[in-house]
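Protein chains in written order, with full-length UniProt numbering: chain R, 1 to 480; chain U, 1 to 480.
Glycine included, each C-beta is placed from N, C-alpha and C at the ideal position.
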């Protein structure tokens with residue numbers, strides 16, 4: 001056992017310090033693309049223990065990798081360098097009492113998102129972040145990656161939902177910024193900066209989250225839409241006529257529907273017609289006096305009248321609602337079961353989504369004729385998961401993956417959007433950011449990293465290339 | 001004319017470079033507490049000119065103070081040191097075309113907030129930031145101070161309303177982050193960091209702002225409320241029953257009402273009863289199918305039934321609505337006309353507002369018996385403008401101002417809130433922040449400042465004491 005292993009074992013005990021061997025599931029990332037063997041997994045039970053772990057690692061010069069539910073898709077939650085220490089906050093999963101008058105609640109970073117949803121239900125409150133991995137993803141990781149998901153257009157991303165934070169800094173000191181107020185302009189907005197820091201600026205241990213009253217009425221529709229221009233037009237119509245009620249506004253394609261129906265058990269298509277695109281519309285309201293059904297139907301009639309909706313169904317029960325949502329939510333699983341795939345997480349201004357989809361399709365076909373495109377995502381914020389399967393009959397992408405990723409990222413950039421919309425840069429998209437983002441922007445990030453983590457030991461090689469901080473070089477052999 | 005004056009005159013021409021003598025209104029701050037004579041006022045017309053000005057000042061080692069509408073209350077927009085250069089972006093007041101589908105618009109930093117509101121009206125869109133100074137305050141200053149205002153609980157503060165930014169950095173280089181997407185996780189959230197930087201990290205030149213559909217229906221009520229506990233309870237009731245419709249939720253006191261009625265022309269009190277507190281409730285909805293009047297009346301009936309509302313009036317016309325709002329909006333003016341005053345900008349978690357008001361009153365009376373307290377503000381986010389007038393018959397505060405400010409700030413901190421809620425730290429609240437905020441927090445801010453402005457020339461002495469950056473000392477004689 002190395003000196004650091006012994007020190008961390010002594011500090012945390014047998015529940016708090018696992019060898020890599022004892023925690024195999026934490027070593028590799030979700031997509032099994034990244035993850036060098038760690039020295040071990042630290043599982044501190046308190047903020048003080050987190051601080052002690054970080055302090056010990058800093059003294060030993062050993063990198064630290066914070067890991068939440070390990071559901072990230074860009075490799076940020078596993079070791080880039082063998083012998084680093086993974087810090088899991090799974091044992092820190094306590095929740096405070098929700099403050100109804102304030103609309104807030106303090107939680108520890110290891111709380112699983114779905115557990116938070118469940119805990120709030122008896123209080124008629126919601127924490128409005130929803131995404132596919134919510135049964136596993138933890139609050140700390142969601143903050144670190146500034147998660148978005150399917151309700152972000154209405155309620156915001158994680159950075160909009162965090163009022164206060166407690167963070168362990170690179171030297172093992174603790175910043176307690178656990179204030180429960182929206183309005184706090186006493187200096188720089190540190191709480192926002194740590195959202196999306198991907199664990200490279202500090203390790204979030206606790207957060208004060210913003211809560212909302214639970215909706216009292218809900219309407220869900222699944223629409224068939226003839227083309228992308230129509231999809232964008234339906235989005236504009238709904239935004240204008242249904243104002244503040246729009247929750248989910250999720251789209252997927254006929255190809256994606258085919259993949260899901262073919263590969264996933266128990267799905268059913270409720271519409272009689274097939275069309276190139278489908279839109280799942282969910283409206284909710286906090287007052288039972290709102291005639292939400294009438295509002296939804298009026299919007300749909302307008303859509304039919306304008307020819308931008310060609311078929312539609314309203315969910316008449318919670319079971320039907322869940323069935324509609326599953327068609328959208330099983331898009332990733334349907335494609336995963338189909339075989340090899342390339343995932344891209346793009347956002348463009350919603351008004352330019354049709355332009356993006358059209359041009360992206362041409363670019364991809366030029367690079368790999370016959371490539372099968374499964375674009376689905378969040379119309380409200382223009383976030384498309386633009387995922388590819390190889391041409392029918394082909395086993396893989398035959399080395400076209402980098403060209404495809406670069407072309408799509410470049411197009412998103414040209415259209416005023418992002419090639420890292422809600423999944424972050426992690427390890428996998430640093431090269432894209434270095435190539436496509438202004439040098440001034442990357443340099444600013446490097447300066448901030450250097451200022452907050454001068455030793456470069458917090459999740460090195462994530463967000464910025466590992467040599468950006470000035471103390472670690474890509475070519476340096478592993479420290480351990 | 002100094003070398004730098006000549007250089008800036010040559011660069012900007014006679015419209016772009018004013019001597020301090022030619023621009024007296026820009027030298028002192030709104031409250032006439034701060035403002036050393038500048039070398040001159042630079043009025044660049046383009047981002048390139050801003051960059052050139054900053055570059056020239058950096059080479060000359062002369063501090064730069066960005067100034068918007070100069071409506072700030074903490075002294076951040078005027079010179080702390082004689083001979084600095086004020087940079088006004090008033091000439092950069094162009095607005096792009098609103099993108100309806102995306103809900104966004106690019107504007108230059110010199111656009112006045114009210115002009116933006118006016119420009120959006122024909123498009124049925126709103127930019128939902130509202131505050132007293134909107135006829136003068138500029139977008140750049142509002143971003144720099146992360147402005148909040150009366151609609152923040154529903155729509156967010158400036159940091160929530162900015163999608164993309166263009167910023168001139170300390171060395172005169174330009175960061176173009178003018179993306180128009182909510183979801184952009186390609187690295188650290190720089191766009192959020194510059195919101196609230198108070199011009200100490202860079203100078204915002206353009207922004208992509210988030211827009212919302214204009215409401216189609218609106219209801220406004222003025223309520224009389226028996227005590228602070230009842231006020232908080234009414235807030236909770238409204239939040240629960242009127243969900244997403246709550247816009248303004250503005251409170252003021254009977255003392256504040258007296259001040260306004262006595263000192264401001266043309267005000268009328270629409271309620272028959274007087275009560276210790278009043279609450280202005282405004283609900284809006286994006287769909288004309290929402291029975292907003294019924295929802296409002298039902299909430300009021302509940303409030304009467306519970307005894308937490310003792311009187312109320314509904315605005316029956318836009319004229320009445322404006323009259324209700326004036327009672328709240330003239331609170332600062334009513335007090336200003338009364339004579340000397342102390343302003344405090346406090347936020348606490350809304351559920352603790354009654355506790356704050358109760359304890360703060362005791363603290364203030366202990367320090368200065370008979371002090372007259374005018375607390376008003378935004379119930380939705382717990383933001384109180386806790387302003388004081390001297391005891392009746394006393395001409396001033398007789399040196400109790402620091403003790404009052406410190407006691408109130410300490411109490412807000414203890415209750416999980418902020419002593420710099422929406423006005424920022426500026427120059428006036430640095431000492432409070434240094435005393436009441438964790439040292440780790442202040443050190444983090446110092447490191448970020450040092451990283452982004454190593455020469456310490458961007459608005460030195462704002463947010464952080466001027467010597468924090470390491471290169472400027474409070475005791476150093478003026479540079480010029």
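Point to revise | Outcome for residue 438 of chain R when other beta-carbon atoms lying within 10 angstroms are tallied against a minimum of 16 | key: Exposed, because fewer than 16 other Cβ atoms sit within 10 Å of the Cβ of residue 438 of chain R.
Point to revise | Sequence-distant residues of its chain with Cβ nearer than 6 Å to residue 88 of chain U (five each side left out) | key: Result list for residue 88 of chain U: 41, 43, 67, in chain order.
Point to revise | Nearest neighbour of residue 194 of chain U, chosen from U:183, U:186, U:185, U:206 [CA to CA] | key: The alpha carbon of residue 194 of chain U has as its nearest neighbour, out of U:183, U:186, U:185, U:206, the alpha carbon of U:206.
**Study point:** Straight-line Cα distance separating residue 171 of chain R from residue 428 of chain R
**Key:** Going from the Cα of residue 428 of chain R to the Cα of residue 171 of chain R covers about 27 Å.
Check your understanding: Going along chain R in order, which residues have a C-beta closer than 8 Å to the C-beta of residue 387 of chain U?
Key -> Within 8 Å Cβ-Cβ: nothing; residue 387 of chain U doesn't reach chain R, min ~16 Å.
Check your understanding: Helix, strand or coil: how does DSSP classify residue 341 of chain U here?
Key -> Correct three-state label for residue 341 of chain U: coil.
Review point. Whose Cβ in chain R lies nearer than 7 Å to the Cβ of residue 84 of chain U?
Key: Per Cβ cutoff of 7 Å: no residues; residue 84 of chain U is ~21 Å from chain R at best.
Exercise for review: Could you tell me the boundaries of the beta strand (DSSP E) in which residue 19 of chain R lies?
Suggested key: Taken as a continuous stretch (DSSP letters only), the beta strand (DSSP E) holding residue 19 of chain R covers 17-19.
Point to revise | Distance CB(residue 152 of chain U)-CB(residue 69 of chain U) smaller than 8 Å | key: The answer is no: Cβ separation not under 8 Å.
Practice item. Would you mind working out which of U:424, U:19, U:445, U:282 sits nearest residue 379 of chain U, comparing C-alpha positions? Key: The residue with the shortest Cα to Cα distance from residue 379 of chain U is U:282.
Review point. Checking contacts by CB at 8 Å: is residue 145 of chain U closer than that to chain R?
Key: Interface residue, yes.
**Study point:** Per-residue DSSP class, three states only, for residue 473 of chain R
**Key:** For residue 473 of chain R, the predicted structure reports a pLDDT of 36, less than 50, and the residue's modelled location is therefore unreliable. The matter cannot be settled from this model.
Check your understanding: Taking any Cβ of chain U, which residues in the region 300-316 of chain R have a Cβ under 8 Å from it, in chain order?
Key -> Cβ contacts with chain U come from no residue of the region 300-316 of chain R.
**Study point:** Of the listed residues U:278, U:339, U:319, U:59, nearest to residue 310 of chain U (C-alpha basis)
**Key:** Of U:278, U:339, U:319, U:59, the residue nearest in Cα terms is U:278.
Exercise for review: Determine, using beta carbons only, whether residue 105 of chain R comes closer than 8 Å to chain U.
Suggested key: Not closer than 8 Å to any Cβ of chain U, the Cβ of residue 105 of chain R fails to qualify, so no.
Point to revise | Coil, strand or helix - residue 372 of chain R by DSSP | key: Note: residue 372 of chain R maps to strand in three-state DSSP.
Practice item. Starting from the beta carbon of residue 383 of chain U, find every residue of chain R whose beta carbon is closer than 7 Å, and list them in chain order. Key: Within chain R, the residues placing a beta-carbon under 7 Å from that of residue 383 of chain U are 183, ordered along the chain.
Practice item. Check the Cβ-Cβ distances between residue 348 of chain U and every residue of chain A, and say whether any is below 8 Å. Key: Note that chain A does not occur in the displayed structure, where the protein chains are R and U.
**Study point:** Contacting positions in the region 178-209 of chain U - beta carbon closer than 7 Å to chain R
**Key:** Going along the region 178-209 of chain U in chain order, one finds 179, 180, 181, 182, 183, 184, 185, 186, 187, 188, 189, 190, 192, 193, 195, 196, 197 with a Cβ nearer than 7 Å to chain R.
Review point. Secondary structure at residue 383 of chain U, three-state DSSP: helix, strand or coil?
Key: Reduced to three states, the DSSP call for residue 383 of chain U is strand.
Check your understanding: From residue 461 of chain U to residue 446 of chain U, what distance separates their C-alpha atoms?
Key -> For residue 461 of chain U and residue 446 of chain U, the distance between alpha carbons rounds to 12 Å.
Exercise for review: Return the CA-CA distance between residue 221 of chain R and residue 254 of chain R, expressed in angstroms with no decimal places.
Suggested key: Between the C-alpha atoms of residue 221 of chain R and residue 254 of chain R there is a straight-line separation of about 17 Å.
Review point. Around the C-beta of residue 395 of chain R, are 16 or more other C-beta atoms found within 10 angstroms, so that it is buried, or is it exposed?
Key: The residue in question, residue 395 of chain R, is exposed, as its Cβ has fewer than 16 Cβ neighbours within 10 Å.
Exercise for review: State buried or exposed for residue 186 of chain R, treating a residue as buried only when at least 16 other CB atoms are found within 10 Å of its CB.
Suggested key: Label assigned to residue 186 of chain R: buried.
Practice item. Quick one: residues in its chain with C-beta nearer than 7 Å to the C-beta of residue 443 of chain R, no 5 flanking neighbours on either side, listed in chain order? Key: Taking residue 443 of chain R as the centre and dropping the five residues before and after it, the same chain places no C-beta closer than 7 Å to its C-beta.
Check your understanding: Looking only at DSSP bridge pairs, what is residue 251 of chain U linked to?
Key -> The bridge partners DSSP lists for residue 251 of chain U are U:279, U:377.
Check your understanding: If we count the other Cβ atoms within 10 Å of its Cβ and call it buried at 16 or more, is residue 316 of chain R buried or exposed?
Key -> Exposed is the label assigned to residue 316 of chain R, since fewer than 16 other Cβ atoms lie within 10 Å of its Cβ.
Exercise for review: Using alpha carbons as the reference points, say which of U:383, U:176, U:124 lies closest to residue 417 of chain U.
Suggested key: When each option's Cα is compared against that of residue 417 of chain U, the closest is U:383.
Practice item. Verify the CB distance criterion: does residue 290 of chain U have a CB-CB separation below 8 Å to chain R? Key: Answer yes: the Cβ-Cβ gap between residue 290 of chain U and chain R drops below 8 Å somewhere.
Practice item. Anything in the region 239-272 of chain U with a Cβ closer than 8 Å to a Cβ of chain R? List those residues in chain order, please. Key: Considering only beta carbons, the part of the region 239-272 of chain U lying closer than 8 Å to chain R consists of 239, 240, 241, 242, 243, 244, 245, in chain order.
Exercise for review: Determine the closest residue to residue 90 of chain R out of R:219, R:105, R:359, R:111, with distance taken between C-alpha atoms.
Suggested key: That would be R:111, whose Cα lies nearest to the Cα of residue 90 of chain R.
Review point. Are the C-beta atoms of residue 213 of chain R and some chain U residue less than 8 Å apart?
Key: For residue 213 of chain R, the answer is yes, since a Cβ of chain U falls inside 8 Å of its Cβ.
Practice item. Along the beta strand (DSSP E) that carries residue 313 of chain R, what are the first and last residues, could you check? Key: Bounds of the beta strand (DSSP E) holding residue 313 of chain R are 311-314.
Review point. Can you list the residues of chain U that residue 236 of chain R reaches, using a CB-CB cut of under 7 Å?
Key: What residue 236 of chain R touches in chain U: 100, 101.
Check your understanding: Counting pairs of beta carbons, one from the region 160-175 of chain R and one from the region 41-61 of chain R, are three or more of them closer than 8 Å?
Key -> Judged by Cβ distances under 8 Å, the region 160-175 of chain R makes contact with the region 41-61 of chain R, as three or more pairs qualify.
**Study point:** chain R contact residues for residue 232 of chain U, given Cβ-Cβ distances below 9 Å
**Key:** Per Cβ cutoff of 9 Å: 101.
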